[in-house]
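If you want the numbering used here, it's the 1-based position in the sequence shown plus 188. Using N, Cα and C, we set each Cβ at its ideal position, and we do this for glycine too. Owing to the predicted nature of the structure, the values given are computational and were not obtained by experimental measurement. Structure first, commentary second.
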Amino acid sequence: MRYHEDVAQSHSHFLGSRAALLRAALLGGASLLFMAGTASAQQAAESGTAAPAPQSGVDGSADTAGQDIVVTASRLSRSGYTAPTPTTVIGQEFLESRAITNVGDAINRVPAFRAAVSPNAGGLGNTGAFLADLRGLGPTRTLVLLDRGRLPQTIVPGVTTTAGSTDLNVIPTVLIRNSDVVTGGASAAYGSDAVAGVINFQIDDKFEGIKGSVQYSQTRYKDAKSKFATLAGGTSFADGRGHIVAGFEYNDDGGTGYYNTARGWGRQAWNSAVIANRPAGTPSTVLGPNGNYYGAASSGGVIQTAGALRGLAFVPTANGGVTTTTFSRGLSNMTASLDFFTPEALAANAAAGINNLNTQQLRPEQTRYSAMGRVSFDLNDSLTVYVEPLYSNVTSTGIILVRRDGAGAGPALNIARDNPYLAQALTAEQLAQVPTTGLAIGYSGQAFGPNVRRIENEVIRVQSGVKGDLGGSWKWDASYLFGQNTSDVRISNNFNNVNFRNALDAVSVDGQIVCRNAAARAAGCVPINILGTPHVSDAAKSYILGTATGRGRTRLHDFAANIQGEPFSTWAGPVSVGVGAEYRRESVELTTDALSRSNSWLSGTGLTLPQVSQNVKEVYAEAIVPLAQDMAFARKIEFNGAARLTDYSTSGSVTTWKAGLTWEVIDGLMFRTTRSRDIRAPNLIDLFTPQTQSLPLPADPRPGIAAPTNSAGFIVGGNADLKPEKSITQTVGVTWQPSFLRALRLSVDYYNIGIKDAITSTGTQGVVNNCFVGGIYTGNSWCSLISFANNDPVAGQLTGVRGITANVAQFKTRGLDFQATYSQNLDDVGLAGTLMTNLLATHVMSFKSSIDVSTLFPNGIDRAGQTGAQFGGPAGLPKWLFNLTLDYELDRLGLNANVRYVSPSSQNNGLFGPDEPEYNPALTTSISNNNIPAVAYLDLGARYSFGADKQFTVYFNVDNMFDKDPPLPANGSAYYDLMGRTYKGGVRFKF
189 MRYHEDVAQS
199 HSHFLGSRAA
209 LLRAALLGGA
219 SLLFMAGTAS
229 AQQAAESGTA
239 APAPQSGVDG
249 SADTAGQDIV
259 VTASRLSRSG
269 YTAPTPTTVI
279 GQEFLESRAI
289 TNVGDAINRV
299 PAFRAAVSPN
309 AGGLGNTGAF
319 LADLRGLGPT
329 RTLVLLDRGR
339 LPQTIVPGVT
349 TTAGSTDLNV
359 IPTVLIRNSD
369 VVTGGASAAY
379 GSDAVAGVIN
389 FQIDDKFEGI
399 KGSVQYSQTR
409 YKDAKSKFAT
419 LAGGTSFADG
429 RGHIVAGFEY
439 NDDGGTGYYN
449 TARGWGRQAW
459 NSAVIANRPA
469 GTPSTVLGPN
479 GNYYGAASSG
489 GVIQTAGALR
499 GLAFVPTANG
509 GVTTTTFSRG
519 LSNMTASLDF
529 FTPEALAANA
539 AAGINNLNTQ
549 QLRPEQTRYS
559 AMGRVSFDLN
569 DSLTVYVEPL
579 YSNVTSTGII
589 LVRRDGAGAG
599 PALNIARDNP
609 YLAQALTAEQ
619 LAQVPTTGLA
629 IGYSGQAFGP
639 NVRRIENEVI
649 RVQSGVKGDL
659 GGSWKWDASY
669 LFGQNTSDVR
679 ISNNFNNVNF
689 RNALDAVSVD
699 GQIVCRNAAA
709 RAAGCVPINI
719 LGTPHVSDAA
729 KSYILGTATG
739 RGRTRLHDFA
749 ANIQGEPFST
759 WAGPVSVGVG
769 AEYRRESVEL
779 TTDALSRSNS
789 WLSGTGLTLP
799 QVSQNVKEVY
809 AEAIVPLAQD
819 MAFARKIEFN
829 GAARLTDYST
839 SGSVTTWKAG
849 LTWEVIDGLM
859 FRTTRSRDIR
869 APNLIDLFTP
879 QTQSLPLPAD
889 PRPGIAAPTN
899 SAGFIVGGNA
909 DLKPEKSITQ
919 TVGVTWQPSF
929 LRALRLSVDY
939 YNIGIKDAIT
949 STGTQGVVNN
959 CFVGGIYTGN
969 SWCSLISFAN
979 NDPVAGQLTG
989 VRGITANVAQ
999 FKTRGLDFQA
1009 TYSQNLDDVG
1019 LAGTLMTNLL
1029 ATHVMSFKSS
1039 IDVSTLFPNG
1049 IDRAGQTGAQ
1059 FGGPAGLPKW
1069 LFNLTLDYEL
1079 DRLGLNANVR
1089 YVSPSSQNNG
1099 LFGPDEPEYN
1109 PALTTSISNN
1119 NIPAVAYLDL
1129 GARYSFGADK
1139 QFTVYFNVDN
1149 MFDKDPPLPA
1159 NGSAYYDLMG
1169 RTYKGGVRFK
1179 F
């Protein structure tokens, strides 16, 4: 990885509408190229402008000779310009030396990112998506670009974590030259979503030759087996007037098993759980081993009904029958969905044939393949046309959950007293004790297996355009971009809840066991027996199990035009200005099956959303103004300012701006600062998610006020009246390249981001809690979502609460980013080879959100220094995160090491452990252990090049060399490695 202070450089069924859309996009690009050709005939004379001076990254590897200068932090391209906004650049060589196969994995090595949504993070229902979350402010506040052009948003039916964001899985690594990370607001340059910053992936559009690679990796536990292959080529044609590059990439990752039993820490079954019915002296939240077990359910069923039969578990007998045995209870005494058990209790349950282990998949299976290319042609010396197509297909397959009735995913099952299967499982004495209302059974469906979600995400994107010189310093460009993202979802082995309960409710009629409900029998109901072990015929499986389906589709049409030049000069040098306009149309639609729409599946794909769209019109202006040159107090001072006016057809007009200053005091010492106003406009899911009734009704914290009774006004869903979020970002930094040690470059940058009117949503109870802090009406923005009888917020009954997306939240974060790079030819000190080092570090000083305001924390919670993964509320960030890389080269041999460090943290900054003065085990804020120790990981790599021109390279890498376990409990982690030691090996070639 290197830091750049000044210049950042098929699916096989292409059928039907998808092929038609791709043809339309290509035809649109061809039309633009034709118009450019017509315009070229009108060009007067060749431009005499000299090409920009070639520049390079600090490691000397980014030779940009013959390529356009691209500074992602600015829309203006100008030789020698240093943008005031900090920019981190990840080069292709970093991906290769670390054997990284996904740009998302590379991005998450930058400490400023939180890797909360990635295939490596584990967690219930992991979708396999790689989302960029800069500063921990959410993926929708980090703008992702490919060659400065947008990508279509990802919308997966039934999944909220990816809505309105870009899945980095769709971007192939093979042709990416640089990945620029602008760690500051950039809405004035690029529009909505660039609140936390921008990632711009730049294509190596001048590549010449053929290159490729094959790679295999797996963990020491023989899972997460991954096969990876790339192939790319590039060449010039028409006597150098044209150039074409194309690349293909394939990756197949087998993921991990449904149960986390391959790793020692997984077999310990650590968990965190809130224990309401707990022994005196036990804290409310307990962390510990043997806690990932159902507390009142099993694969054969556990009786939860009060009385003498409570706590009996149904188990199979050796001869195929069913009997009961005592369920050895956990800490909560059958009141927690997941509970902690002593080793003796677990051994007793296992000996009795009781299975109550919960699933825990660490990584889903994933197959992705993509193709990307670029064709450019110089119609004359001052006019170039290009087209840039991308196709990507990513399929992720992972589990969501097993059936858990009476164990955290729905009420317990009711088995009627006259159910013949119950009579077969109980003794006559036991059957006589069954209440007339039947038995409540806690049931976990491990024998059926979990429901499995398969997400196929297909992206088609074509960007085409024309670039021209107008003479002198003036140049222009125009482009059209079409993008479409289609996400198909299938959730198989899925329970039809109505049919399952109909089949479960069996009765004997004329000596034959049938479903009790006559209408259900007429519809094909076949009775089932789940007691002890499932006895389910093929016909019954067909009746109770099925597949939920859904499709989400987003489309993007984007037209843009820009012009820039140097109209005049000041005493300090030429002034650069640029103006541009953009028109964008975005649309989204969701289609789901009927049972999902009626919430009848165990795991559904959500509601249908007919196609909705919005239009965006934008104009912007930007200027670079030199203020001083070769003065006594400054070698150079430059001002950079930009403003953008944006009009949304859905949410109105908004203005963004940026003002920045760089002050190079002496050669190598520079101060920089920026202040910007940035926005995130509501996406179409925020705006148009269908509103539905919310039950149960929320509790009113005001004493003596009657509980709400009319449910009509209590809703959840989207909000068509949303307005854009607004933020102010301030950065101040300094970079130093000592004159006595030019190979060293140091930088430190302070950032402060405040977001108001942030778009968020919570349930109706959350709205009430945030309005009434400590049971007292606050009149804050949350209260605008509540209606009261007689408009009386003090004594009026709640008559409605809108748990909808709304502009009611605030976020504030500040911290420091550090960078140190050093490259040394060891021949200078009498040794052989070259040593390159790079240190990236981020210190989060504060991270707060109004979402954390509650009765217990009226001023909110500072989440800086929190990395626990299994708690409600906003996720946190470590106070310190380091990434240190070292590379050593000696002729054909290369060695590298990477150290990742996460500082000591807390599980939850809203809880208190025994070592903290606020700890009181009687309170809900208590936790058994709130400490997470510091963790460091070491990755090593070696490579050797051979062939006459070093055209072949063999390499071997080991990630997590010491097989360090993550802090426990670990599933759903953003910062800690769950896989353990991983081996990677492969071959690269380049001709």
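- Collapsing the DSSP output to three states places V291 in a helix.
- When the alpha-carbon of N907 is set against those of P884, A869, E1077, the nearest one is in A869.
- For I391, there is no enclosing alpha helix (DSSP H); the residue is found in the beta strand (DSSP E) stretching over 385 to 391.
- Secondary structure within the region 774 to 829: the alpha helix (DSSP H) runs of 4 or more consecutive residues, fully enclosed, are 782 to 785 (chain order).
- Under the rule that a run must span 3 or more residues, the beta strand (DSSP E) segments found entirely inside the region 340 to 406 read 364 to 370, 385 to 391.
- Judged by DSSP in its simplified three-state form, L1166 adopts coil rather than helix or strand.
- Unbroken beta strand (DSSP E) stretches of 3 residues or longer found wholly inside the region 942 to 1022: 974 to 976, 986 to 992, 994 to 1013, given in chain order.
- In this structure, the CA atom of Y438 is about 21 Å from the CA atom of Q672.
- Judged by beta-carbon spacing, T1141 lies within the 9 Å limit of R1176, meaning their Cβ atoms are closer than that value.
- In the DSSP annotation of this structure, the continuous segment of the beta strand (DSSP E) that includes R860 starts and ends at 857 to 868.
- With fewer than 16 other CB atoms across the displayed protein chains lying within 10 angstroms of its CB, M819 is exposed.
- Sequence-distant partners of G630 (beyond 5 residues in either direction) whose C-beta falls short of 6 Å from its own C-beta, in its chain, are A484, A485, V490, Q492, G594, A595, A600.
- Annotation: K1067 is outside any alpha helix (DSSP H) and is labelled neither H nor E by DSSP.
- By the criterion of at least three beta-carbon pairs nearer than 8 Å, the region 1148 to 1155 is in contact with the region 1121 to 1134.
- Taking the C-beta atoms as reference points, G561 is found no nearer than 9 Å to V647.
- For L550, there is no enclosing beta strand (DSSP E), since its DSSP letter is neither H nor E.
- In the three-state scheme derived from DSSP, where H, G and I count as helix and E and B as strand, K846 is classed as strand.
- Around the Cβ of N898, a 10 Å sphere holds fewer than 16 other Cβ atoms; the residue is exposed.
- As a beta-bridge residue in DSSP terms, F436 pairs with L419, A559.
- Restricting attention to N1159, G430, L932, R785, the CA atom closest to the CA of V573 is found in G430.
- The continuous alpha helix (DSSP H) containing E617 extends over residues 616 to 620.
- Here K1152 carries a coil assignment [DSSP, helix/strand/coil].
- E810 places its beta carbon less than 9 Å from that of S262.
- Exclusion of the five residues before and after N607 leaves A694 as the residues of its chain whose Cβ lies within less than 6 Å of its Cβ.
- Distance from the CA atom of L815 to the CA atom of R863, rounded to whole angstroms, is 18 Å.
- Contact annotation: L719 and V510 have beta-carbon atoms nearer than 9 Å.
- Unbroken alpha helix (DSSP H) runs of no fewer than 4 residues, entirely contained in the region 705 to 780, are found at 706 to 710, 726 to 732, following chain order.
- Between Y579 and I391, the alpha-carbon positions lie close to 15 Å from each other.
- For Q621, the number of other beta carbons within 10 angstroms of its own is below 16, and it is reported as exposed.
- Between P272 and T850 the beta-carbon gap is near 5 Å, inside 8 Å, which marks them as a contact.
- Going by beta carbons, T418 and S401 fall inside the 9 Å limit.
- Taking a cut-off of 8 Å on C-beta distances, the region 778 to 786 touches the region 737 to 755, as three or more cross pairs fall below it.
- DSSP lists no bridge partner for R1051.
- Annotation for Q280: the continuous alpha helix (DSSP H) segment containing it runs 280 to 285.
- Taking a cut-off of 8 Å for Cβ pairs, the region 499 to 510 and the region 706 to 724 touch, as three or more such pairs fall below it.
- The beta carbon of S558 lies closer than 6 Å to those of P360, E437, S580 in the same chain, with the five residues before and after it left out.
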